[in-house]
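Input: a single structure, listed below in structure tokens.
4 protein chains.
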Amino acid sequence: MTDKRRVRLGMVGGGQGAFIGAVHRIASRIDDRFELVAGALSSDGARAAASAADLGIAADRSYASYAAMAVAEAARADGIDAVAIVTPNHVHAGPAIAFLNAGIHVICDKPLAATQADGAAIAAAVAASKAHFILTHNYTGYPLMRQARQMVADGKLGALRVVQAEYAQDWLTETIETTGQKQAAWRTDPGQSGAGAIGDIGTHAFNLLSFVTGLRADALAADLHSFGAGRRVDDNAHIMLRFQGGARGMVWASQVAPGNENGLRLRVYGDKGGIEWGQENPNLMTYAPFGQPKQLLTRGGAGLGGNGGQWTRIPPGHPEGYLEGFATLYNDAADLILGLGDGALLPGIAAGLDGMWFIDACQRSSAADGAWIRR
Amino acid sequence: MTDKRRVRLGMVGGGQGAFIGAVHRIASRIDDRFELVAGALSSDGARAAASAADLGIAADRSYASYAAMAVAEAARADGIDAVAIVTPNHVHAGPAIAFLNAGIHVICDKPLAATQADGAAIAAAVAASKAHFILTHNYTGYPLMRQARQMVADGKLGALRVVQAEYAQDWLTETIETTGQKQAAWRTDPGQSGAGAIGDIGTHAFNLLSFVTGLRADALAADLHSFGAGRRVDDNAHIMLRFQGGARGMVWASQVAPGNENGLRLRVYGDKGGIEWGQENPNLMTYAPFGQPKQLLTRGGAGLGGNGGQWTRIPPGHPEGYLEGFATLYNDAADLILGLGDGALLPGIAAGLDGMWFIDACQRSSAADGAWIRR
Amino acid sequence: MTDKRRVRLGMVGGGQGAFIGAVHRIASRIDDRFELVAGALSSDGARAAASAADLGIAADRSYASYAAMAVAEAARADGIDAVAIVTPNHVHAGPAIAFLNAGIHVICDKPLAATQADGAAIAAAVAASKAHFILTHNYTGYPLMRQARQMVADGKLGALRVVQAEYAQDWLTETIETTGQKQAAWRTDPGQSGAGAIGDIGTHAFNLLSFVTGLRADALAADLHSFGAGRRVDDNAHIMLRFQGGARGMVWASQVAPGNENGLRLRVYGDKGGIEWGQENPNLMTYAPFGQPKQLLTRGGAGLGGNGGQWTRIPPGHPEGYLEGFATLYNDAADLILGLGDGALLPGIAAGLDGMWFIDACQRSSAADGAWIRR
Amino acid sequence: MTDKRRVRLGMVGGGQGAFIGAVHRIASRIDDRFELVAGALSSDGARAAASAADLGIAADRSYASYAAMAVAEAARADGIDAVAIVTPNHVHAGPAIAFLNAGIHVICDKPLAATQADGAAIAAAVAASKAHFILTHNYTGYPLMRQARQMVADGKLGALRVVQAEYAQDWLTETIETTGQKQAAWRTDPGQSGAGAIGDIGTHAFNLLSFVTGLRADALAADLHSFGAGRRVDDNAHIMLRFQGGARGMVWASQVAPGNENGLRLRVYGDKGGIEWGQENPNLMTYAPFGQPKQLLTRGGAGLGGNGGQWTRIPPGHPEGYLEGFATLYNDAADLILGLGDGALLPGIAAGLDGMWFIDACQRSSAADGAWIRR
């Protein structure tokens, strides 16, 4: 980079006790490209102020509402360049639109929104704004997933045929949303999340397979189910996919699969080769050129033709993980915001709308007893 | 065992150049409970005779047809107790019925038959005969799969919720059936096989999940596809399952997934725990009791409560494989035939008919654009 | 094979309750090249007879002593071609010499003997006999170990530098030899075994590394220890090795390492590449050509240049295990005995003497506080 | 934490092109407890200034020498609290002593020094200073290694018997030090590094095994070798260890083992259980309670009794890696410096001197043909 200026960052949500806000903050710090200077960290004013103080945000830049923050920061000469939105899904559209309208870049947690209407409204705001919109489908920041995307594009797998994606967890095996667990409470509340496993993790799987393969899903058939007694959203989803060009696929998303912590896995097969990868050991990917021995590709390791290493910080064998992958999105965002890069690998509004289609199609298909829903 | 007598075995099919016939013969030898004494090893008389000579079968017990063999062996005082049928699928019904009618026990390779009509005819013959009928869904012979079945029955996994089964191979990535490869030729000929991946390997996956979980599939929705140019049977199948009692599942069967040699994998999740297993390293299974560390169970290893070891020959850490698992079915068959066991774990006609339902339902669902097919 | 005759086999040891005798019998049956027709199965006459009856050996060919058996079988027109010696180590020399002197081929369990003197006596008998002597270092029968040997010979690893071998078990973590466990009792009795972990499993590791690398150990330094209270033989051994030509190595053998069932592992590194393999999943080996991605080689799988598949029975992905590897030694032995092969890959008396040097050098080095012992 | 103040940090070394300096900076940022405000980043004045500008260090706090920096910073009211020393080994003692004498806390990269004399001099300075001295044996920051240490201390493994540690890499397989590769050049120059593989990576393995087990090595016997043509330091080391109390161990350190990127592995066995762990997938550890199934422990995962999670930032299944482990040392250092913690888990001067003993003993033993060197 030639421009050493750090991006001035604000945050909406992410106050004391939140999970993903802290992740965004660490991710923004790892490569030292951002400076957190403002926030509307909580809808509870006292908690917002206390959280801001914890984070070293000046009192006069801790806001009681995102609306006030957007107005005030847009008016400051040293106002924020970008805002990270890390609220529950039903509070994405409000701040996203406010900041986009104020010409401030938006880095928004996924999925895009809790409702289709909210998603469409964000898209309209993006279209009308000069500001960038980045959706943190963070798993696309893993170097080997970017490597995989390049390998597919380079034809190493040949014509794609089959895509198997899954995202399995076990943390909702019991109905902990009834016991006051905050994360479980909002994620299983349809009013706040808009969907269950398909929104929370299914969209990650769908985004990642789309990112790596470049395939566009034409149609899907879904069987959603809720195993937790009284649970109001899906906690297990089986989905069959058909892609433009004829490839077929499956997605399994589950939050009730004991023994699975964060089991996002992707397998892609073409007529010349296959790749397999799992998020829990993200520094390793197998590549099977058909008819030859399977290869173990490592992050930045031997034989990656230079691509593997450009999105990583430390030598092969020194594992990078979830936070570094997330940080790579922030690093790309800094480049984009500062005019040093084109953000070509960053998920944006198109990925967000694609995810909203996925959620909606899954829900409509399942409601229609698994009928294929076409775009 | 108290009866040291070896079972006198005949074989239909399995002549020179065949694959599964040799597997059956090794499996029958491992525990020294069988003696191969007769055969109709090929429909080609010269090859039948040469194959018999290779195997040490007396010339007068090498038959030109299974029909002649059934008659002749039934008439001998020292005639065969049992016959192994290792022909292509469309030649299962003929010999099975002939030997059942002759009162000779039948050990038949899977799937049951190439057509529903053939399957029904075999079932009728089984019902009318005093002889036993055993279908070699050999993967049920793996000690850890029997262990898993017992764990499910004992409630270690709680109420079952999700079953993920898959069977992935890559040997049909290219259309080798057009190049004279004998195995590929008959297995992709609908007249001989009756179905593609769903019959050849999908039935194994479906049988294994049924065996382990004890769940009965109520309905399925399938998306079959053939990626090989000009291929007349499915080579990739995506299937969603609903079980009696509410559990859900998925089966993926593919013969066009580069890098997969014989990737039969089973994962079962209940409200108290989960298990995961893969055939390519069959001596290992993970068991995750919910809320506790995942356990690595090994064949015959520590903590298996005595069950793991009863279907194995050598100590833990000394790997047993495909042939030993297959041999366990033969060993159980010997017990059943000699009146030393009840064959409770052996797949029989019910498993065979279940597989025929699976094949038929997959084909009908896929033809109906993935509509759910109910029993 | 052109000669279909089966080898007539006798057995010394291996009566009811024994472990390795049963392994030899299964191994001899798998490829149907042997017929067990005679035995001196136990030093206890009644048990010998009962065991013979169990195994279908005719009463007149069940002998009360190996000496009587050698004489009688040598005199029969249909006498045994070969004998398998499966007794504790201190009863190897007696029968081996008797049968060699009688011109009967010997297949002897490892290590060669319980004492150096016994080893030398066997070697003398081998030198004086036209019969073959085969030592069942069975792990050399694994296809991927033979593949590895070929790769080293072909220069795929370049000039060898470092060899890491280990064989870890946990079954002697507690002093079960004091509780009547028969296997533990004789293996920890120096009079019967001659050595502890170094003899029982260390010789396997040493043999395997020698077989694969072709390196000859020039010198070693050992630190033997016995952790079991009152145990009279070593149960843990740390050994450093120096090889002709300058390569260096390590062997670790332990029977007190909880969690290790039968952890024989071999890693070999040269200036152009490395290989890594573990016995518990023997169908998989990694090969790292320096500067290129690591490869996963599978038994009989893609890219093995034809070598991987010639010592295996079933397609890749269908796991073969311990018994099949053992059977490959028996198969090679049949070829050798029947004049159909040269037995080039079979461990013989040289390997046996090499193992005796290893045991002796370890004991002398350890007694001299780890001084290097040179050949 | 109650004190939100960030530690003011300086750095010696780590200018443009350096590796470990960047790692220290990321590690110091991850938990937002440090602020980098001063540096003597290079012995080359221009490069020092340019590097400082890159890092946002004010020009007046970029120093041409560590000596000047120690004096100036000690005199400032807002002077640095601590300094990170990230120079080659032979430039550890100078700055460490200067800053310790100035009462500024020292965070020093490992090993302690390039010579025994330098190590002793640092120790004397530590003894005479009120400032803390922290040595970044970063692998002790991995949560599962801290978990392992606690498990050993809690007696979960019983009385310890055998420790197997190894650290294998392949980056010096070829003599890249002759081609201008900067990292290779200084690390293979005895004047700058003081030792080869044993210093660079062997000390990590030795430190980690000591940290986890609490065992003190009484004696060692080493066989060091240099395989690279003309290489002046060891690139492969085989070491046998004896510990106080009777446990035995082995260390293998190699930089010429193709296929090994950063293969630090630790295995510890006692009379009640064993653990096994590898750095390349640091979120996973196996624990084998003797006689029970092996357990897969995950970072922060089920059943860790609360210990696993206290040194981690994100939920289980979201992998943390090398940088996060390193950051945990920085986090502990911040607590120690700010009076919020006792630094009980931080490696300090004792660990540094232990490593210097290890290096020296390895070199003396190897020079004496592997004689045991006792403390």
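Respectively, the protein sequence lines represent chains A, S, R and E.
Mapping to the numbering used here: the first sequence position 186 is 186, numbers consecutive.
Mapping to the numbering used here: the second sequence position 91 is 466, numbers consecutive.
Mapping to the numbering used here: the third sequence position 293 is 1043, numbers consecutive.
Mapping to the numbering used here: the fourth sequence position 317 is 1442, numbers consecutive.
All C-beta atoms in this analysis are idealised placements derived from N, C-alpha and C, irrespective of residue type, glycine included.
Measuring straight from C-alpha to C-alpha, what distance separates residue i and residue j?
{"i": "residue 1471(E)", "j": "residue 1260(E)", "result": "8 Å"}
{"i": "residue 1351(E)", "j": "residue 1359(E)", "result": "5 Å"}
{"i": "residue 1447(E)", "j": "residue 855(R)", "result": "58 Å"}
{"i": "residue 598(S)", "j": "residue 219(A)", "result": "12 Å"}
{"i": "residue 1(A)", "j": "residue 340(A)", "result": "Its pLDDT being 39, under 50, residue 1(A) is placed unreliably in this model, and the value from its coordinates should be taken loosely. Taking the straight line from one Cα to the other gives about 7 Å."}
{"i": "residue 830(R)", "j": "residue 842(R)", "result": "18 Å"}
{"i": "residue 1236(E)", "j": "residue 971(R)", "result": "28 Å"}
{"i": "residue 1377(E)", "j": "residue 1330(E)", "result": "9 Å"}
{"i": "residue 178(A)", "j": "residue 228(A)", "result": "11 Å"}
{"i": "residue 278(A)", "j": "residue 1031(R)", "result": "21 Å"}
{"i": "residue 318(A)", "j": "residue 1264(E)", "result": "11 Å"}
{"i": "residue 198(A)", "j": "residue 527(S)", "result": "28 Å"}
{"i": "residue 615(S)", "j": "residue 648(S)", "result": "22 Å"}
{"i": "residue 808(R)", "j": "residue 396(S)", "result": "30 Å"}
{"i": "residue 429(S)", "j": "residue 438(S)", "result": "14 Å"}
{"i": "residue 588(S)", "j": "residue 421(S)", "result": "46 Å"}
{"i": "residue 1428(E)", "j": "residue 533(S)", "result": "19 Å"}
{"i": "residue 449(S)", "j": "residue 754(R)", "result": "29 Å"}
{"i": "residue 1103(R)", "j": "residue 865(R)", "result": "11 Å"}
{"i": "residue 34(A)", "j": "residue 334(A)", "result": "8 Å"}
{"i": "residue 774(R)", "j": "residue 1082(R)", "result": "14 Å"}
So which of the options has the shortest CA-CA distance to residue i?
{"i": "residue 442(S)", "options": "418(S), 427(S), 550(S) and 517(S)", "result": "418(S)"}
{"i": "residue 462(S)", "options": "488(S), 438(S) and 686(S)", "result": "488(S)"}
{"i": "residue 365(A)", "options": "237(A), 273(A) and 342(A)", "result": "237(A)"}
{"i": "residue 202(A)", "options": "47(A), 266(A), 313(A) and 119(A)", "result": "266(A)"}
{"i": "residue 65(A)", "options": "95(A), 89(A), 75(A) and 83(A)", "result": "95(A)"}
{"i": "residue 1401(E)", "options": "944(R), 881(R), 1007(R) and 798(R)", "result": "1007(R)"}
{"i": "residue 549(S)", "options": "216(A), 291(A), 30(A) and 164(A)", "result": "291(A)"}
{"i": "residue 966(R)", "options": "802(R), 1105(R), 756(R) and 755(R)", "result": "1105(R)"}
{"i": "residue 1131(E)", "options": "16(A), 103(A), 56(A) and 29(A)", "result": "56(A)"}
{"i": "residue 1140(E)", "options": "1292(E), 1174(E), 1156(E) and 1155(E)", "result": "1174(E)"}
Can you say whether residue i is buried or exposed, counting buried as having 16 or more other CB atoms within 10 angstroms of its CB?
{"i": "residue 244(A)", "result": "exposed"}
{"i": "residue 1005(R)", "result": "buried"}
{"i": "residue 557(S)", "result": "exposed"}
{"i": "residue 1203(E)", "result": "exposed"}
{"i": "residue 19(A)", "result": "exposed"}
{"i": "residue 17(A)", "result": "exposed"}
{"i": "residue 325(A)", "result": "buried"}
Checklist entry - Can you list, in chain order, the stretches of the alpha helix (DSSP H) that have 4 or more residues and sit fully within the region 535–566 of chain S? => result Contiguous alpha helix (DSSP H) elements confined to the region 535–566 of chain S occur at 557–562, taking only those with 4 or more residues.
Checklist entry - Taking only runs of the beta strand (DSSP E) that begin and end inside the region 1227–1285 of chain E, which ones reach a length of at least 3 residues, in chain order? => result 1230–1233 and 1258–1260
Next on the checklist: Check whether the region 1108–1117 of chain R and the region 1129–1138 of chain E are in contact - that is, three or more C-beta pairs closer than 8 Å.
Outcome noted: no
Item to check | Meets three-Cβ-pair contact criterion under 8 Å: the region 1416–1423 of chain E and the region 670–681 of chain S | outcome: yes
Item to check | Validate contact between the region 1092–1106 of chain R and the region 875–885 of chain R using beta carbons, cut 8 Å, 3 pairs | outcome: yes
Next on the checklist: Would you call the region 1405–1412 of chain E in contact with the region 1258–1272 of chain E, where contact means no fewer than 3 C-beta pairs closer than 8 Å?
Outcome noted: yes
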